[in-house]
Amino acid sequence: MSLAICVICYNRIAPLKRVLKSLEAAHYDAPIPLIISIDKSETTAIEDFVEAYHWPHGTLKAIKHPHNLGLRAHVMEVGKLLNDYDTLIVLEDDITVSPYYYQYACQTIAQYQDDERIAGISLYSFPVDYQNGLPFTPLQADADVYFMNCAQSWGQIWLKKQWQTFMIWYETHHDEFQLDYLPQALNDWPKSSWLKYHTRYCIEENKYFVYPYQALSSNNNDAGTHVEQEDANIFASSLQVLPQKAYRLPAFDEGIVKYDGFFSPTFLAHYLQLSEDDLTVDFWGKRKLQHVKHYLLTIRSLPFKVVNSFGLRYHPMETNIMLQEKGQEIYLYDTHTKGKKPKAIKPITLLQYSYRFKILSLLKAIGIANLVMMVCKRWCKKLIK
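First residue of the sequence shown? That's 1 in the UniProt record's numbering, and the numbers climb one at a time after it.
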C-alpha cells in the first residue's frame with residue numbers, strides 16, 4: 001500500500017503553517033511523502049514559504065499551479081495523485097490533525113480499502129449537523145467508527161479504486177443541481193463546492209464514509225472560499241489527544257450504526273417491527289414528503305395516521321425509539337392513510353432538548369440580549385415546516 005499526504009492551499013500562510021505544525025507533531029511508524037498543492041493567487045508568499053520548508057518525516061513535493069483553478073477544480077486535480085498512490089490523506093489548509101491520525105489512517109485503510117461500499121474514510125467527526133445547525137451525536141456502539149452516506153472535506157482519506165469510480169460518475173454529473181430528493185443544504189452550496197458532488201454521489205449510489213466517534217482532525221473556520229469571516233467555530237471537533245494502540249473497526253456488514261445523507265439513523269426498522277424498505281426516518285423534517293416511504297418517523301405534525309408515538313427524553317434521539325420511551329413528541333406515521341394532525345412540539349422544547357439547557361440557567365449565564373442574538377443566528381430558518 002502506497003500512502004501520501006496532500007495539503008491543499010491557496011493564499012493563507014498562517015493556516016498552512018498551522019496544519020503543517022500539527023502534521024509534524026504527529027507520530028509516524030514509517031516515512032511518508034508530503035505533497036503541498038498550491039493554487040495560483042496574487043501573491044507568491046505560499047510558494048516562497050514552501051520552497052524553504054523542510055518536511056521531517058519523508059519526501060516533500062510542491063505542486064504550483066500556473067493558473068488559478070478555483071477550489072473545486074483544484075481538489076479534483078489533487079484526486080489525480082491517486083494515479084501514483086493507492087491512498088491519499090487529503091487536508092485543506094484550515095485543518096488541524098490529531099497526533100494519532102496516522103495510526104487511525106493506517107488501520108482504517110487496511111480494514112476498508114477493498115470494500116467498494118466505502119467511498120472514503122473521514123478523519124473528522126461531526127459535532128453539529130450542518131443541515132440544521134443542531135448538535136449531532138451518533139449512537140455509541142462497541143466500535144470506534146460508524147458509517148454515513150456523507151462525504152467529507154475537513155480531513156479525509158481517499159482510496160484509489162473508490163475515488164476513480166466517483167470520478168466516472170462525476171464526468172456525467174458535474175453540472176449545477178437543485179434536486180428535491182437531496183438535502184436542501186446540499187443544493188444550496190455554491191458551485192465552487194466539490195464536496196456537494198461527492199456527497200450527492202454517496203447518497204445516490206448508497207456509498208458510505210467511515211467516521212470516527214472521536215475526531216482525528218478539526219476544522220478551524222478560517223476566512224476563505226466558503227467562510228466570509230472567522231466566527232465562533234461550532235464545527236470544531238473533539239480531537240483525540242491520547243494514544244490508542246488498536247481501533248475497533250467492524251466490517252461494514254457488522255457495523256450496526258449507520259446514518260444516511262440527512263444525518264438520520266438507518267437502523268431503527270427492527271425496533272419498530274418494520275422492513276427497512278418501508279421506513280423513512282426523518283426526525284427533523286428535512287425530506288420532501290413525496291420522497292418518503294410507507295412509514296415515516298419524525299417530530300413533524302402531519303395529517304397522517306399515527307401508528308405509534310415516542311417521548312423526547314434521551315440522547316441521541318433514536319435512543320427513545322430503541323427504549324420504547326412513551327410520549328407524544330416523535331411520531332410514526334402511516335403515510336398511506338390520512339389522519340388528524342397531532343399536536344406540534346413546541347420550538348422551545350426542541351431548543352432545550354437539542355442544547356440540553358434550562359431557560360432560566362441560560363438567561364443567568366449569558367443574559368437576555370445575547371440569548372436573542374444567539375437564537376436569531378442559529379434559528380433563522382424554521383427547522384420544522
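We put the CB at the ideal spot given by N, CA and C, even for glycine.
query, result
"For the alpha helix (DSSP H) holding Trp169, just list the boundary residues, first then last.", "Lys160 to Tyr170"
"Going by beta carbon distance, what residues of the same chain come within less than 8 Å of Tyr201, once the five residues before and after it are set aside?", "Ala119, Ala151, Phe166, Trp169, Tyr170, His173 and Lys207"
"When you compare only the Cα positions, how much space is there between Glu213 and Tyr355?", "Looking at the sequence shown, residue 213 is not Glu but Tyr. Their Cα atoms are separated by approximately 19 Å."
"From which residue to which residue does the alpha helix (DSSP H) around Lys346 run?", "Note, Lys346: premise wrong, no alpha helix (DSSP H); not H, not E."
"Following the continuous beta strand (DSSP E) through Met148, name the residue where it begins and the one where it ends.", "Val145 to Met148"
"In this structure, how does DSSP classify Pro15 when only helix, strand and coil are distinguished?", "helix"
"Taking the straight line between their C-alpha atoms, what separation do you get for Tyr130 and Asp142?", "26 Å"
"Going along the chain, which residues of its own chain have a beta-carbon closer than 7 Å to the beta-carbon of Tyr353, five neighbours each way excluded?", "Leu312"
"Tyr28 to Ala105, Cα distance in whole Å?", "11 Å"
"Alpha carbon to alpha carbon, what distance is there between Lys191 and Ala185?", "13 Å"
"Can you grab the Cα-Cα spacing for the pair Asp114 / Ile345, in whole Å?", "45 Å"
"I need the DSSP call for Tyr355, collapsed to helix, strand or coil.", "helix"
"Taking only three categories from DSSP, how would you classify Asp93?", "coil"
"For Thr225, which residues of its own chain have a beta-carbon under 7 Å away from its beta-carbon, when the five flanking residues on both sides are left out?", "Residue confidence is low: Thr225 scores 48 on pLDDT, short of 50, so the model does not pin down where it sits. No coordinate-derived value is stated."
"Reducing DSSP to helix, strand and coil, say where His294 ends up.", "coil"
"Going by C-alpha to C-alpha distance, which of Leu182, Ala26 and Cys9 sits closest to Leu239?", "Ala26"
"With three or more C-beta pairs closer than 8 Å as the rule, is the region 298-307 touching the region 122-136?", "no"
"Quick check: the Cα distance between Tyr314 and Trp194, rounded to an integer number of angstroms?", "36 Å"
"Please confirm if the region 245-256 is in contact with the region 279-293, defined as three or more CB-CB distances below 8 Å between the two stretches.", "no"
"Thinking C-beta only, is Leu23 closer than 9 Å to Ile5?", "yes"
"In chain order, which continuous runs of the beta strand (DSSP E) of length 3 or greater are located wholly inside the region 48-95?", "60-64 and 87-92"
"Report the residue from Leu139, Lys196 and Arg12 whose alpha carbon sits nearest the alpha carbon of Ile321.", "Leu139"
"DSSP three-state call for Ile321: helix, strand or coil?", "helix"
"For Asp278, which three-state DSSP category applies?", "helix"
"Starting from the C-beta of residue 390, find all residues in its chain whose C-beta is less than 8 Å away, skip the five residues before and the five after it, and write them out in chain order.", "No information on residue 390 is available, as it lies outside the stretch 1 to 385 that the chain covers here."
"Classify Ile203 as helix, strand or coil using the three-state DSSP reduction.", "helix"
"Compute the Euclidean distance between the alpha carbons of Lys288 and Phe262, then round it to the nearest angstrom.", "12 Å"
"Do Phe235 and Gln156 have their C-beta atoms within less than 9 Å of each other?", "no"
"Since Ser122 and Val78 are thought to touch, with beta carbons under 8 Å apart, how far apart are those beta carbons, to the nearest angstrom?", "Not confirmed; about 17 Å, so no contact."
"Rank Val97, Gln107, Tyr10 and Pro15 by C-alpha distance to the C-alpha of Ala62 and give the top, closest one.", "Tyr10"
"Can you check which of these residues, Leu16, Ala215, Leu159 and Lys17, is closest to Pro243 by C-alpha distance?", "Ala215"
"Please name the residue or residues paired with Tyr211 in a DSSP beta bridge.", "Tyr146"
"Using only the alpha-carbon positions, how far apart do Leu60 and Leu88 sit?", "14 Å"
"Whole angstroms are fine: how far does the CA of Ile203 sit from the CA of Tyr247?", "27 Å"
"How is Thr43 classed by DSSP in three states: helix, strand or coil?", "coil"
"Give me the DSSP bridge partner(s) of Asn221.", "Paired residues: none, contrary to the question."
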